[in-house]
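One structure below.
Residue numbers (my numbering), protein chains in the order written: chain A, 67 to 144; chain S, 151 to 663.
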């Protein structure tokens with residue numbers, strides 16, 4: 067969360083992006099919250115069978131990747 | 151009007167696409183023996199095909215034309231429809247909501263609502279969805295007609311006729327499996343075609359710098375390069391985008407839309423269904439660029455011809471992308487892009503028609519005409535596909551002159567009941583206290599609020615128009631409020647009745663009893 071806020075502050079002061087600050091914070095926060103939820107979600111709730119899969123076949127990994135990209139997009143283009 | 155001249159190579163490419171889709175679709179009709187084969191593909195669909203089908207069920211010609219026009223008009227803010235309006239709800243659906251529908255073993259979203267609440271809620275939403283899907287089929291056909299007229303000079307009836315015949319041939323007999331697997335082919339063609347428009351367009355305008363230069367020179371494009379617009383922006387203020395699109399319209403679409411949910415219910419397992427949603431989210435990272443960037447390229451290339459959008463007359467918005475295609479694309483590439491447009495139309499249309507048929511048979515026809523053979527419901531579903539196509543064509547003719555932007559029309563349809571639907575789904579899945587009386591009151595209050603807010607402009611004048619994003623948000627709030635208040639004063643269902651339908655009450659297998 068703090069990294070995302072720091073990035074927001076940097077882009078604000080350097081003039082990258084340029085949308086309203088609190089709007090950027092709000093949009094980014096939604097994805098940061100989603101990221102935390104995806105990281106903390108217990109494994110048995112994702113796959114009740116308990117089968118361990120390699121990272122590239124893990125739906126959690128790809129979901130985290132998508133969410134991270136979204137955070138970057140809103141920080142830079144917000 | 152300037153139209154594209156298809157050369158033999160272009161026509162050959164379009165013909166190859168059409169022949170492949172129709173051929174694969176007809177070939178897949180062989181395996182359809184039961185109504186579950188037809189409506190849920192026998193629960194055998196692979197995750198990658200479902201993921202691609204989810205993408206093209208959402209993105210069709212209406213989005214290609216509408217988002218390019220709105221990209222020209224408003225800029226990058228339109229990417230929010232695929233970012234906050236898609237990635238966030240798709241992932242929430244994959245990990246939180248989809249398992250309920252899967253475990254409940256339902257065919258449709260209203261069927262889940264019927265089991266969770268009662269038959270009245272089920273029937274109400276089934277009727278609403280049937281009307282919505284009819285409207286959607288109409289908007290897809292209008293998009294096709296606009297596109298083919300601008301690109302090829304075809305008239306309305308010829309465009310609609312060709313589209314309806316191509317889709318009808320395999321959707322009628324092949325069911326969900328034919329729809330999903332032909333959608334996967336269409337998804338590839340759509341991505342290639344849209345990418346070619348972006349690459350050739352950027353080459354033509356001097357890259358991204360060329361777009362930025364044009365935007366900086368015009369006096370009506372000050373917000374075009376921002377995703378988040380000021381809170382006082384007249385059309386897309388960020389609080390309305392976040393609350394209306396991100397928290398209501400997006401989740402309602404990805405969690406409650408029958409055309410979307412039905413695909414995941416046809417996957418081979420719950421894990422495959424989740425993987426299909428996540429694959430869709432990965433693919434959707436690229437679509438905002440593929441769909442909105444052509445609008446900005448159009449701005450750089452066509453701003454002297456098309457001018458300031460605030461001065462546009464009816465129908466100009468829908469010409470941005472076709473004009474760009476005609477101006478940019480050489481022989482061969484034009485064939486691929488026309489194929490991509492066609493893919494968008496075919497995939498979008500077959501998805502909605504197949505889902506509408508499933509919904510009407512499962513939620514309206516079966517309860518009214520019970521105890522018939524499975525073959526009877528299968529034949530009824532196939533006949534309904536033809537009926538939906540014909541009604542969609544009639545509806546397309548009616549709405550064609552009314553709506554300036556096809557995309558706006560689609561969003562307007564959605565906002566009437568997306569907020570209440572999401573409220574009932576969330577309260578139904580996440581709380582055991584919500585009752586059927588609460589759901590009914592919440593639903594009526596939510597839809598009533600949406601209708602009232604939409605009607606404001608007809609009563610007080612156009613300057614009092616309420617943004618559809620705010621309509622979605624406040625109808626959701628009204629539905630939640632009504633459902634919660636009435637539920638507190640009515641008797642809840644017992645735990646056994648809600649088993650497997652509510653988040654905190656596990657199925658018998660999970661609880662070990």
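All C-beta atoms in this analysis are idealised placements derived from N, C-alpha and C, irrespective of residue type, glycine included.
Residue i classed as buried or exposed, judged by whether at least 16 other C-beta atoms fall within 10 angstroms
| i | result |
| --- | --- |
| residue 114(A) | exposed |
| residue 425(S) | buried |
| residue 161(S) | exposed |
| residue 79(A) | Since pLDDT at residue 79(A) reaches only 45, below the 50 mark, its modelled position is unreliable, and the value read off the structure follows with that caveat. It is exposed - the Cβ of residue 79(A) has fewer than 16 other Cβ atoms within 10 Å. |
| residue 376(S) | buried |
| residue 388(S) | buried |
| residue 258(S) | buried |
| residue 383(S) | buried |
| residue 313(S) | buried |
| residue 299(S) | buried |
| residue 623(S) | buried |
| residue 407(S) | buried |
| residue 106(A) | exposed |
| residue 67(A) | No answer about residue 67(A) holds up, because its pLDDT of 43 lies below 50 and its placement is not dependable. |
| residue 460(S) | exposed |
| residue 472(S) | buried |
| residue 663(S) | Only weak support is given to the placement of residue 663(S): the predicted model assigns it a pLDDT of 46, under 50, and the question is left unresolved by the model. |
| residue 478(S) | buried |
| residue 357(S) | exposed |
| residue 614(S) | exposed |
Check whether residue i and residue j have beta carbons under 8 Å apart
| i | j | result |
| --- | --- | --- |
| residue 238(S) | residue 438(S) | no |
| residue 569(S) | residue 600(S) | yes |
| residue 136(A) | residue 87(A) | no |
| residue 347(S) | residue 470(S) | no |
| residue 525(S) | residue 404(S) | no |
| residue 616(S) | residue 603(S) | yes |
| residue 364(S) | residue 535(S) | no |
| residue 290(S) | residue 499(S) | yes |
| residue 197(S) | residue 417(S) | yes |
| residue 442(S) | residue 217(S) | yes |
| residue 509(S) | residue 280(S) | yes |
| residue 402(S) | residue 572(S) | yes |
| residue 665(S) | residue 89(A) | Nothing about residue 665(S) can be read from this structure; chain S reaches only from 151 to 663. |
| residue 211(S) | residue 491(S) | yes |
| residue 230(S) | residue 361(S) | no |
| residue 126(A) | residue 104(A) | yes |
| residue 483(S) | residue 350(S) | yes |
| residue 311(S) | residue 539(S) | no |
| residue 320(S) | residue 172(S) | yes |
| residue 582(S) | residue 652(S) | yes |
| residue 385(S) | residue 504(S) | no |
| residue 157(S) | residue 306(S) | no |
| residue 343(S) | residue 487(S) | yes |
Extent of the continuous alpha helix (DSSP H) to which residue i belongs
| i | result |
| --- | --- |
| residue 372(S) | Residue 372(S) -> no alpha helix (DSSP H), and no H or E assigned at all. |
| residue 126(A) | 125–143 |
| residue 243(S) | Looking at the DSSP string, residue 243(S) is not in any alpha helix (DSSP H), and its letter there is neither H nor E. |
| residue 347(S) | 306–355 |
| residue 537(S) | 524–549 |
| residue 275(S) | 269–302 |
| residue 462(S) | No alpha helix (DSSP H) holds residue 462(S); DSSP gives it neither H nor E. |
| residue 224(S) | 211–224 |
| residue 90(A) | 87–106 |
| residue 110(A) | 109–112 |
| residue 170(S) | 158–177 |
| residue 647(S) | 645–648 |
| residue 402(S) | 400–406 |
| residue 190(S) | 185–190 |
| residue 197(S) | 197–208 |
| residue 262(S) | 259–266 |
Supposed close pair residue i, residue j - CB separation, criterion 8 Å
| i | j | result |
| --- | --- | --- |
| residue 593(S) | residue 629(S) | 6 Å |
| residue 541(S) | residue 284(S) | 6 Å |
| residue 650(S) | residue 254(S) | 6 Å |
| residue 637(S) | residue 584(S) | 5 Å |
| residue 222(S) | residue 448(S) | 5 Å |
| residue 129(A) | residue 431(S) | 7 Å |
| residue 427(S) | residue 248(S) | 7 Å |
Chain-ordered chain D contacts of residue i [CB-CB under 7 Å]
| i | result |
| --- | --- |
| residue 446(S) | The chain labelled as chain D is not found among the protein chains of the depicted structure, namely A and S. |
Contact test: residue i Cβ vs the ligand ADP heavy atom, cutoff 7 Å
| i | result |
| --- | --- |
| residue 98(A) | Absence of the ligand ADP is noted for the structure shown, with no ligands found whatsoever. |
Can you check the region 471–513 of chain S for any alpha helix (DSSP H) of at least 4 residues that lies completely inside it and give the ranges in chain order? 483–509
Within the region 411–446 of chain S, note down every full alpha helix (DSSP H) run reaching 4 residues or more, in order along the chain. 420–433
Runs of alpha helix (DSSP H) lying entirely within the region 556–632 of chain S, each at least 4 residues, in chain order: 556–565, 568–580 and 586–610
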